[in-house]
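Novice: Protein chains in written order, with our numbering: chain A, 1 to 249; chain B, 1001 to 1268. Glycine is no exception: its CB is placed at the ideal position from the N, C-alpha and C atoms. None of the values given here were measured: they were computed from a predicted structure.
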Amino acid sequence: MNNERSMLSRLYPTTKFMITIALCLAAFIVPGYGFSYAVLPICMVLAYFAGSFKEFSNLAIKALLMIVVFIFILQSFFYPGHDILWSWGIFSIKREGVEFALFLTSKIVAVASAFILFFRITKVKDLVHSLEQIGLPSKVTYVILSTLQLIPEMKKLTLVIMDAQKTRGVETEGKLLVRMKAFLPTLSPLILGSVASTEERVLTLESRAFSANVKKSSIYTLEKTKYDRLVQILLIVLLAILIVWRVAL
Amino acid sequence: MSFLTLTNASFAYPNGYKAVDRVNMSFNKGESVAIVGQNGAGKTTTVKMMNGLLKPSEGDVVIDGWNTRDYTTAQISRKVGYVFQNPDDQIFHNDVYSEIEFGPRKLGLPEEQVKANVMKAAELAGVVPFLKDNPYNLPYSMRKFVTIASVIAMDSSVIILDEPTAGQDLPAMERLANLIETLNQEGKTIITITHDMEFVVNNFHRVIVMANRQVIADDDKRAIFWNLDVLERAMLKQPHISRLGYSLGIGHNILAIPELADELAKHK
Chain A
1 MNNERSMLSR LYPTTKFMIT IALCLAAFIV PGYGFSYAVL PICMVLAYFA GSFKEFSNLA
61 IKALLMIVVF IFILQSFFYP GHDILWSWGI FSIKREGVEF ALFLTSKIVA VASAFILFFR
121 ITKVKDLVHS LEQIGLPSKV TYVILSTLQL IPEMKKLTLV IMDAQKTRGV ETEGKLLVRM
181 KAFLPTLSPL ILGSVASTEE RVLTLESRAF SANVKKSSIY TLEKTKYDRL VQILLIVLLA
241 ILIVWRVAL
Chain B
1001 MSFLTLTNAS FAYPNGYKAV DRVNMSFNKG ESVAIVGQNG AGKTTTVKMM NGLLKPSEGD
1061 VVIDGWNTRD YTTAQISRKV GYVFQNPDDQ IFHNDVYSEI EFGPRKLGLP EEQVKANVMK
1121 AAELAGVVPF LKDNPYNLPY SMRKFVTIAS VIAMDSSVII LDEPTAGQDL PAMERLANLI
1181 ETLNQEGKTI ITITHDMEFV VNNFHRVIVM ANRQVIADDD KRAIFWNLDV LERAMLKQPH
1241 ISRLGYSLGI GHNILAIPEL ADELAKHK
């Protein structure tokens, strides 16, 4: 509900995408890792204005924390280097490793949080619609749409299948081994089910003239407002300033 | 001592939505009970608590001395079988035989017993001609019978059918009726959710009415279908024959055609 009202989420999808790209580019233009890490809090602030602060923060932190921690451990121990900071037995942390880990994780954090933000504040429907407006063929946009919807749908289906298996005597709760055993038999119905539903989807699409060779109109419209213009110009100016500053440095 | 008891059982979904509010009901062995009510009244949530798929957020569900909190659904499946509303949620094998066989095999029954259970269940549900077919090639109504057979084959004491009548033709309804009666005679408890009042009149004695997340009546079918106040609160209608009797202003407990005929004969 809040989503509907906030100005940020009412921006045109391509404008939102420009914000994301600008954030990513900026992370690579600005030297050092400070700014790249700062992209995450910047995105959090933007998410707050779009009314999805909690969802975004939860998702971003959950997704990124593991990756960052793992990269740090692996890189600081195994990156080749000479400047040893700390050692324990045959393991040692090297300065080069830590520096590389900082560089790598900061870029990952920047790019990932910019993209997570994009998908949090953009409805898939809007994105696909704007792509169609740009002139992409509907077959391509359909592939994008169905791919983006695939994961949540599969997750839902997995839960349903697991429920069905529970009622038929498959133990799905408890130790890791038990749960792994329960997971394997869900795979075949999951994949078969997806294939079966593909057939139905094809029929549904055809019954709605999906492959008809005419220009289609849409009842759903998205409008570019003057804010889109403004934001786009602002982003380009900011990026230009950054590049000039970087070159002049 | 009843076999399955719900005591002040409530269920709230993680997002805080309360789907069932302090429900009390109990079932004896060999009973056949229909649960009726509007969509969203909490029927499916209630029966899902009966086999441990959902654990009550408050109150208790006890099956044959087992509190569902202490057991997993897999363990409870020996005592309570549940046929899903949508057969596609349940089917996950490539042929009907292995679909039906899966449950009893999981219970660790001996080979001959598994075979016997499968054949008996398949016969009751009328799916014997399709045992080698892929369930996804069968029509919806037949798939529903496949899932019913796969639950019967587990030989649990309680069998819950979630809307078995949806989309079924007359022979299928008769097969369902026969199946419920046979299982009842074997001492099994059948709990059925349905929107088909005629089906209730023909096959059940006890009816539980749910509305607005609670049980509002639990009585003999005759008492329920002539309690217009309860029916109105649950947004239900009397069975056709009862409505006819009511409109004609004759009798106060007519449920079926023979009763109506008798009553009309009196008024000749």
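Who does B/Asp1162 pair with in a DSSP beta bridge?
Specialist: For this step, residue 1162 of chain B is matched to residue 162 along the second sequence. BP columns for B/Asp1162 point to B/Ile1193.
Novice: Under 8 Å: do the stretch 1181–1196 of chain B and the stretch 1223–1234 of chain B share three or more Cβ pairs, one atom per stretch?
Specialist: Result no; under three Cβ-Cβ pairs closer than 8 Å.
Novice: Would you mind stating whether B/Thr1068 and B/Asp1060 have Cβ atoms separated by less than 9 Å?
Specialist: Along the second sequence, read from residue 1 onward, the residue named residue 1068 of chain B stands at position 68. Along the second sequence, read from residue 1 onward, the residue named residue 1060 of chain B stands at position 60. For B/Thr1068 and B/Asp1060, yes; Cβs fall inside 9 Å.
Novice: If you draw a straight line from the C-alpha of A/Ser197 to the C-alpha of B/Asp1089, how long is it?
Specialist: Taking the first residue of the first sequence as 1, we reach residue 197 of chain A at position 197. Taking the first residue of the second sequence as 1, we reach residue 1089 of chain B at position 89. Those two C-alpha atoms are separated by around 13 Å.
Novice: So, B/Phe1092 versus A/Pro189, is the Cβ gap smaller than 9 Å?
Specialist: Residue numbering aside, residue 1092 of chain B sits at position 92 when the second sequence is read from its first letter. Residue numbering aside, residue 189 of chain A sits at position 189 when the first sequence is read from its first letter. Yes, they are a contact pair.
Novice: Determine whether the beta carbon atoms of B/Gly1042 and B/Met1210 lie at a separation below 9 Å.
Specialist: What you label residue 1042 of chain B is simply residue 42 of the second sequence in a count that begins at 1. What you label residue 1210 of chain B is simply residue 210 of the second sequence in a count that begins at 1. Going by C-beta atoms, B/Gly1042 is nearer than 9 Å to B/Met1210.
Novice: Since B/Asn1051 meets chain A, which of its residues come closer than 8 Å, beta carbon to beta carbon?
Specialist: If you number the second sequence from 1, residue 1051 of chain B lands on position 51. In chain order: Thr167.
Novice: Touch check for the stretch 131–148 of chain A and the stretch 65–85 of chain A: three-plus C-beta pairs under 8 Å?
Specialist: The stretch 131–148 of chain A vs the stretch 65–85 of chain A: no contact.
Novice: For the beta strand (DSSP E) containing B/Arg1206, list its first residue and its last residue.
Specialist: Taking the second sequence and counting its residues from 1, the one referred to as residue 1206 of chain B is at position 206. Note, B/Arg1206: beta strand (DSSP E), Arg1206 to Ala1211.
Novice: May I ask you to verify whether the stretch 1151–1161 of chain B touches the stretch 1103–1118 of chain B, counting CB pairs closer than 8 Å and requiring at least 3?
Specialist: Yes, they touch.
Novice: With a threshold of 7 Å on Cβ separation, who are the neighbours of B/Leu1260 within its own chain once the five nearest residues in sequence on each side are excluded?
Specialist: One-based indexing of the second sequence puts residue 1260 of chain B at position 260. Within the same chain, B/Leu1260 has close Cβ partners Ile1241, Leu1244, Gly1245 and Ile1254.
Novice: Distance check for A/Ile108 and B/Ala1190, CA to CA, integer angstroms please.
Specialist: By 1-based counting over the second sequence, the position of residue 1190 of chain B is 190. By 1-based counting over the first sequence, the position of residue 108 of chain A is 108. The sequence shown places Ile at residue 1190 of chain B, rather than the Ala named in the question. If you take the alpha carbons of B/Ile1190 and A/Ile108, they lie about 57 Å apart.
Novice: So with CB distances below 9 Å, who are the chain B contacts of A/Asp126?
Specialist: For this step, residue 126 of chain A is matched to residue 126 along the first sequence. Going along chain B, no residue has its Cβ under 9 Å from A/Asp126, so there is no contact; the nearest lies around 25 Å.
Novice: Take A/Phe119 and list the residues in its own chain whose beta-carbon comes closer than 7 Å to its own, dropping the five residues that flank it on each side.
Specialist: As a first step, residue 119 of chain A must be located in the first sequence, where it is residue number 119. Nothing listed; no residue qualifies.
Novice: Which of helix, strand or coil does DSSP assign to B/Asn1008?
Specialist: Taking the first residue of the second sequence as 1, we reach residue 1008 of chain B at position 8. The answer is strand: DSSP assigns B/Asn1008 an E or B state.
Novice: By a C-beta neighbour count over all protein chains shown, 10 Å radius and 16 as the cutoff for buried, is B/Glu1163 buried or exposed?
Specialist: Position 163 of the second sequence, counting from 1, holds the residue named residue 1163 of chain B. So B/Glu1163 counts as buried.
Novice: Checking the sheet assignment: what are the DSSP bridge partners for B/Gly1081?
Specialist: Here residue 1081 of chain B refers to the residue found at position 81 of the second sequence. The partner list for B/Gly1081 (beta bridge, DSSP) reads B/Ile1159.
Novice: According to DSSP, is A/Met66 part of a helix, a strand, or is it coil?
Specialist: Along the first sequence, read from residue 1 onward, the residue named residue 66 of chain A stands at position 66. Reduced to three states, the DSSP call for A/Met66 is helix.
Novice: With a floor of 3 residues, list each beta strand (DSSP E) that falls wholly inside the stretch 77–156 of chain A, ordered by position along the chain.
Specialist: Taking only runs of at least 3 residues, the beta strand (DSSP E) segments lying wholly in the stretch 77–156 of chain A are 84–88 and 91–94.
Novice: Listing by chain order, which chain A residues have their CB less than 8 Å from the CB of B/Tyr1082?
Specialist: The sequence position of residue 1082 of chain B within the second sequence is 82, counting from 1. The answer, in chain order, is Thr167.
Novice: Using the beta-carbon count (16 or more within 10 Å), is B/Val1201 buried or exposed?
Specialist: For the purposes of this step, residue 1201 of chain B is taken as the residue at position 201 of the second sequence. It counts as buried.
Novice: Any contact between the stretch 1206–1223 of chain B and the stretch 1022–1040 of chain B? By contact I mean 3 or more CB pairs, one from each, below 8 Å.
Specialist: Yes, they touch.
Novice: Does A/Pro152 have its Cβ less than 9 Å from a Cβ in chain B?
Specialist: Here residue 152 of chain A is taken as the residue at index 152 of the first sequence, counted from 1. By this cut-off, A/Pro152 is not an interface position.
Novice: Could you give the distance in angstroms between the alpha-carbon of B/Leu1004 and the alpha-carbon of A/Val170?
Specialist: For the purposes of this step, residue 1004 of chain B is taken as residue 4 along the second sequence, with counting starting at 1. For the purposes of this step, residue 170 of chain A is taken as residue 170 along the first sequence, with counting starting at 1. Approximately 22 Å, taken between the alpha carbons.
Novice: Between A/Thr18 and A/Pro41, what straight-line distance do the alpha-carbon atoms span, to the nearest angstrom?
Specialist: Counting from 1 along the first sequence, the entry for residue 18 of chain A is found at position 18. Counting from 1 along the first sequence, the entry for residue 41 of chain A is found at position 41. In the sequence as presented, Thr is not what sits at residue 18 of chain A; that position holds Met. Looking at the two C-alpha atoms, the distance is approximately 18 Å.
Novice: Between A/Leu8 and A/Leu46, which are expected to be in contact by the criterion C-beta below 8 Å, what is the C-beta distance as a whole number of angstroms?
Specialist: For the purposes of this step, residue 8 of chain A is taken as residue 8 along the first sequence, with counting starting at 1. For the purposes of this step, residue 46 of chain A is taken as residue 46 along the first sequence, with counting starting at 1. Indeed they touch by this definition, with Cβ atoms about 6 Å apart.
Novice: Could you please tell me which residues of the stretch 194–207 of chain A, in chain order, have their CB closer than 8 Å to any CB of chain B?
Specialist: Cβ contacts with chain B: Ala196.
Novice: Cα-Cα, which of B/Ser1157, B/Ser1057 and B/Asn1137 is closest to B/Leu1014?
Specialist: Here residue 1014 of chain B refers to the residue found at position 14 when the second sequence is read from its first residue. A quick correction: the sequence has Pro, not Leu, at residue 1014 of chain B. The residue with the shortest Cα to Cα distance from B/Pro1014 is B/Ser1057.
Novice: Taking 8 Å as the cut-off, does the stretch 145–156 of chain A touch the stretch 177–186 of chain A (at least 3 CB pairs, one atom from each stretch)?
Specialist: As far as the Cβ criterion goes, the stretch 177–186 of chain A does not touch the stretch 145–156 of chain A, which means the pair count is below three.
Novice: For the beta strand (DSSP E) that contains B/Met1235, what are its first and last residues?
Specialist: Here residue 1235 of chain B refers to the residue found at position 235 when the second sequence is read from its first residue. B/Met1235 -> no beta strand (DSSP E), and no H or E assigned at all.
Novice: Please list the partners that B/Ala1122 has in chain A, where partner means a Cβ-to-Cβ separation under 9 Å.
Specialist: Along the second sequence, one-based indexing puts residue 1122 of chain B at 122. Per Cβ cutoff of 9 Å: no residues; B/Ala1122 is ~16 Å from chain A at best.
Novice: Cα separation between B/Thr1046 and B/Val1020?
Specialist: Against the second sequence, residue 1046 of chain B aligns to sequence position 46. Against the second sequence, residue 1020 of chain B aligns to sequence position 20. B/Thr1046 and B/Val1020: Cα-Cα distance of roughly 7 Å.
Novice: Should A/Leu148 be counted as a contact of the ligand SAM given a C-beta to heavy atom distance under 8 Å?
Specialist: Among the components modelled here there is no ligand, and therefore nothing to report on the ligand SAM.
Novice: Enumerate, from N- to C-terminal direction, the unbroken beta strand (DSSP E) stretches of 3 or more residues contained entirely within the stretch 1053–1104 of chain B.
Specialist: You should have 1058–1063 and 1080–1083.
Novice: Is it right to say A/His82 is buried, meaning 16 or more other beta carbons lie within 10 angstroms of its own, or is it exposed?
Specialist: For the purposes of this step, residue 82 of chain A is identified with residue 82 of the first sequence, where counting begins at 1. Burial call: exposed.
Novice: Run down chain B in chain order and give the residues with a C-beta less than 7 Å from the C-beta of A/Glu171.
Specialist: For the purposes of this step, residue 171 of chain A is taken as the residue at position 171 of the first sequence. Ordered by position in chain B, the residues that pass the 7 Å Cβ test against A/Glu171 are Thr1072 and Ala1074.
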